[in-house]
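Undergrad: The opening position of the sequence shown corresponds to residue 100 in this note's numbering, with each subsequent residue numbered one higher.
Backbone N, C-alpha and C fix where the C-beta goes; we use that ideal spot for every residue, glycine too.
All of these numbers come straight from a predicted model, not from anything done at the bench.
Below is one structure. I have some questions about it.
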Amino acid sequence: MHEPGAPAAPRPRLDLAHLRRLPPEARPALDPGGLTVGIVHLGVGAFHRAHQAVYTERASELSGETRWGICAVSERSPAATDLLRAQDGLYSLRLATAHSSVVRVLGSLRETLHAGGEPEAVVARIADPSVSVVTLTVTEKGYRHDPATGRLVRGDPDLAADAAGRPPRTVVGQVARGLEARRRLGSGPLAVCSCDNLTGNGTLLRRLVGEVVARGDFDDGLDGWIASSVTFPCSMVDRIVPATTPDDLAVAAELLGVDDRAAVVAEPFTQWVLEDDFRCPRPPWELAGADLVADVAPYEALKLRVLNGSHSALAYLGALGGFATIAEAAAHPGLEAFVRRLVDEEVAPTLELPGSVELGSYRDEVLGRFANPVLRHRCTQVASDGSQKLGPRLLGTVRDRLAVGASPRCALLVVAAWARVLAVGVDDLGRALDVPDPLAGRVRALLGEPGTGADAAERLLGLREVFGEDLAGDDRVRGLLAESFAALASAPALDVATAFAR
Ligand code: CS2
Numbered sequence: 100m101h102e103p104g105a106p107a108a109p110r111p112r113l114d115l116a117h118l119r120r121l122p123p124e125a126r127p128a129l130d131p132g133g134l135t136v137g138i139v140h141l142g143v144g145a146f147h148r149a150h151q152a153v154y155t156e157r158a159s160e161l162s163g164e165t166r167w168g169i170c171a172v173s174e175r176s177p178a179a180t181d182l183l184r185a186q187d188g189l190y191s192l193r194l195a196t197a198h199s200s201v202v203r204v205l206g207s208l209r210e211t212l213h214a215g216g217e218p219e220a221v222v223a224r225i226a227d228p229s230v231s232v233v234t235l236t237v238t239e240k241g242y243r244h245d246p247a248t249g250r251l252v253r254g255d256p257d258l259a260a261d262a263a264g265r266p267p268r269t270v271v272g273q274v275a276r277g278l279e280a281r282r283r284l285g286s287g288p289l290a291v292c293s294c295d296n297l298t299g300n301g302t303l304l305r306r307l308v309g310e311v312v313a314r315g316d317f318d319d320g321l322d323g324w325i326a327s328s329v330t331f332p333c334s335m336v337d338r339i340v341p342a343t344t345p346d347d348l349a350v351a352a353e354l355l356g357v358d359d360r361a362a363v364v365a366e367p368f369t370q371w372v373l374e375d376d377f378r379c380p381r382p383p384w385e386l387a388g389a390d391l392v393a394d395v396a397p398y399e400a401l402k403l404r405v406l407n408g409s410h411s412a413l414a415y416l417g418a419l420g421g422f423a424t425i426a427e428a429a430a431h432p433g434l435e436a437f438v439r440r441l442v443d444e445e446v447a448p449t450l451e452l453p454g455s456v457e458l459g460s461y462r463d464e465v466l467g468r469f470a471n472p473v474l475r476h477r478c479t480q481v482a483s484d485g486s487q488k489l490g491p492r493l494l495g496t497v498r499d500r501l502a503v504g505a506s507p508r509c510a511l512l513v514v515a516a517w518a519r520v521l522a523v524g525v526d527d528l529g530r531a532l533d534v535p536d537p538l539a540g541r542v543r544a545l546l547g548e549p550g551t552g553a554d555a556a557e558r559l560l561g562l563r564e565v566f567g568e569d570l571a572g573d574d575r576v577r578g579l580l581a582e583s584f585a586a587l588a589s590a591p592a593l594d595v596a597t598a599f600a601r
């Protein structure tokens, strides 16, 4: 017994040896030691651990198949690899709302690699005949493409080095070299499933891999072999999974009785719609609730434009307004009204809804999910990398509305708010905003002193890799952006959003 006042004994770390210490309902649903690796996942962040890994584990549990263990690759920092290695790949997922909380340890991550430190091992795993699926969550910027053209960034030294034959450091390089090694070994067909929030994510990745192969020093005939043996199914993924906080780790330790430094917290809602395009064995994900469909596009447009578009709106306007979290921003009546107007008047007319979906219910469900107070999803986290996110989330809506002669005012206010966050770097209360973006330096250089009306709009549109030639040359876009910049320079963002919603 622990004596009152005596220091508590340190909790043991979560690992295979301590699984029996867990409350029975929190133990993995299958024996992790009985799984062999059949999937390589690139980008083992919190999202993968709360989404594809969960579907895969449930599919294994329900089918009894033991060949779908995951080799989880961290792309940038080795931190996730180190944490997971110390825990034999085990981590807990807590699904939480204000009214419920369920925690469970998952055991499907059977191997961990750090791409930066072990690039050859990543290539070898993709080439391994026991692997037949590669999945990816590497964030939008991980594709190293220009959002407006969907082509690889010109002059990127890492892409050039990967193309020339260095052990690959870029994601596109890893996939291309992995496929080359797979063809040499005769390991057979493979599916490469992008699970990032990009329009036509699989089609985009296929094109980028083709580009690096065409540019680089690769085996003759590789692209033809990819065309006949490798598929790149598109998919729509959905679950809100914020970065884990120290409080989340403390709650996990309390619930589990062991220390889990790789714990993840997410909402209960989850969805995965995946293009049914496989020429190789895959986990029976449909047993776990994934929808395998012929065409993902309507699901993807709905989710990217309604959920992610609104998320970005709350992130930029909420951050300027001084809110820390999405839940706080979504509770502001003016911001909520703004999001409703954005969705109902600008996004809705651009969508072809999947058969079973009613837009009003979908929009309300999304707003309800944003309000989840347990998640502590920071506005600045959702706001990060906007230059890569605006295209799939908002600029498609802008283009479709302009094409029918309508004025996408709300969508372009969000674009102006993004630029203002980067260029001014403080909220309306004068507090610093830390929002990383690969094009932050360019935006600052272009805008200098923002909020100067027509001139600021003109200069921002110089960012061709975001806006493309079409939007950059459109007088209506320039006029609406100028109106937004002027409004944000003369009144607090929350008042501006409230006025736009009227
Ligand atoms: C968010 C997404 O961080 C962001 O940009 O909009 O990660 C969002 O939480 C997910 O797409 C929800 O499925």
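1. Does the beta-carbon of Gly454 have 16 or more other beta-carbons within 10 angstroms, so that it is buried, or is it exposed?
2. Decide yes or no for the touch test of the region 304-312 against the region 320-330: beta carbon pairs closer than 8 Å, at least 3 of them.
3. So is Ser191 buried or exposed if we call it buried at 16+ other beta carbons inside 10 Å?
4. When DSSP labels each residue in this structure, what does Trp384 get in the three-state scheme?
5. Can you grab the Cα-Cα spacing for the pair Val204 / Val139, in whole Å?
6. When you compare each of Thr165, Arg119, Glu217, Glu160 to Asp181 by their alpha carbons, which one comes out closest?
7. Let's test the definition: count the other Cβ atoms within 10 Å of the Cβ of Glu464 and tell me whether it reaches 16, buried, or not, exposed.
8. Leu434 to Asp376, Cα distance in whole Å?
9. Quick check: the Cα distance between Arg268 and Gly215, rounded to an integer number of angstroms?
10. For Val497, which of Ala352, Arg575, Ala436 has the nearest alpha-carbon?
11. Please say whether Val364 and Asp347 have beta carbons closer to each other than 8 Å?
12. Please state whether DSSP places His244 in a helix, a strand or coil.
13. So, is Asp359 buried or exposed, given that buried needs 16 or more other C-beta atoms within 10 angstroms?
14. Since Asp257 is in the alpha helix (DSSP H), which residue starts that stretch and which ends it?
15. Candidates Ala387, Lys488, Gly356: which alpha carbon is nearest Ser411's?
16. Which stretch, first to last residue, makes up the beta strand (DSSP E) that contains Val340?
17. Note the first and the last residue of the continuous alpha helix (DSSP H) segment covering His410.
18. Would Val405 pass as a contact of Val446 if the rule is Cβ separation under 8 Å?
19. Since Leu501 is in the alpha helix (DSSP H), which residue starts that stretch and which ends it?
20. Examine chain D for any beta-carbon lying closer than 8 Å to the beta-carbon of Ala585, and answer yes or no.
21. Ser231 and Thr135: beta carbons closer than 8 Å?
22. Where does Leu113 sit, in a helix, a strand or coil, going by DSSP?
23. May I ask whether a heavy atom of the ligand CS2 can be found less than 7 Å away from the beta carbon of Gln151?
24. Whose C-alpha, out of Arg175, Leu208, Ala197, Leu189, is nearest the C-alpha of Gly241?
25. I'd like the list of long-range same chain contacts for Ala220, defined as Cβ closer than 7 Å, with 5 residues on each side in sequence excluded.
26. With three or more C-beta pairs closer than 8 Å as the rule, is the region 313-325 touching the region 275-283?
27. Indicate, with yes or no, if the ligand CS2 has a heavy atom lying under 7 Å from the CB of Lys240.
28. Under the three-state reduction of DSSP, which class applies to Ser583: helix, strand or coil?
29. Taking only three categories from DSSP, how would you classify Cys478?
30. In angstroms, rounded to a whole number, what distance separates the CA positions of Leu458 and Val442?
31. What number of angstroms, rounded off, separates the C-alpha of Gly602 from the C-alpha of Asp255?
32. Here's the rule: buried if 16 or more other CB atoms are within 10 angstroms of the residue's CB, otherwise exposed. What is Met100?
33. Closest to Val233 by C-alpha separation, out of Ala171, Asp261, Gly264, Ser200, would be which residue?
34. Which of the three DSSP states is assigned to Gly272 in this structure?
35. Tell me whether the beta-carbon of Arg110 lies closer than 8 Å to the beta-carbon of Gly356.
36. Whose C-alpha, out of Leu521, Ala510, Gly561, Val523, is nearest the C-alpha of Ala596?
TA: Looking at the coordinates:
1. Answer is exposed; the Cβ neighbour count stays below 16.
2. yes
3. Flag for Ser191 reads buried.
4. helix
5. 20 Å
6. Glu217
7. Glu464 is exposed by the Cβ-count criterion.
8. 40 Å
9. Between Arg268 and Gly215, the C-alpha separation is close to 6 Å.
10. For Val497, the nearest C-alpha among the options comes from Arg575.
11. A contact, by the Cβ cut-off of 8 Å.
12. strand
13. buried
14. 256-263
15. Lys488
16. Counting along the chain, Val340 falls outside any beta strand (DSSP E), and DSSP gives it neither H nor E.
17. 408-419
18. yes
19. 495-502
20. As a matter of chain content, chain D is missing from the structure shown, which is built from one protein chain.
21. no
22. Leu113 falls in the coil class under three-state DSSP.
23. no
24. A check of alpha carbon separations from Gly241 across Arg175, Leu208, Ala197, Leu189 identifies Arg175 as the nearest.
25. Leu212.
26. yes
27. no
28. helix
29. helix
30. C-alpha separation (whole angstroms): 9 Å.
31. The structure shown does not extend to residue 602, since the chain is modelled only from 100 to 601, so the question has no answer here.
32. Confidence at Met100 is low in this model, with a pLDDT of 42, below 50, so the placement of that residue should be treated as unreliable; the coordinate-derived value is given next. Around the Cβ of Met100, a 10 Å sphere holds fewer than 16 other Cβ atoms; the residue is exposed.
33. Nearest of Ala171, Asp261, Gly264, Ser200 to Val233, Cα basis: Ala171.
34. helix
35. Contact flag set, yes.
36. Ala510
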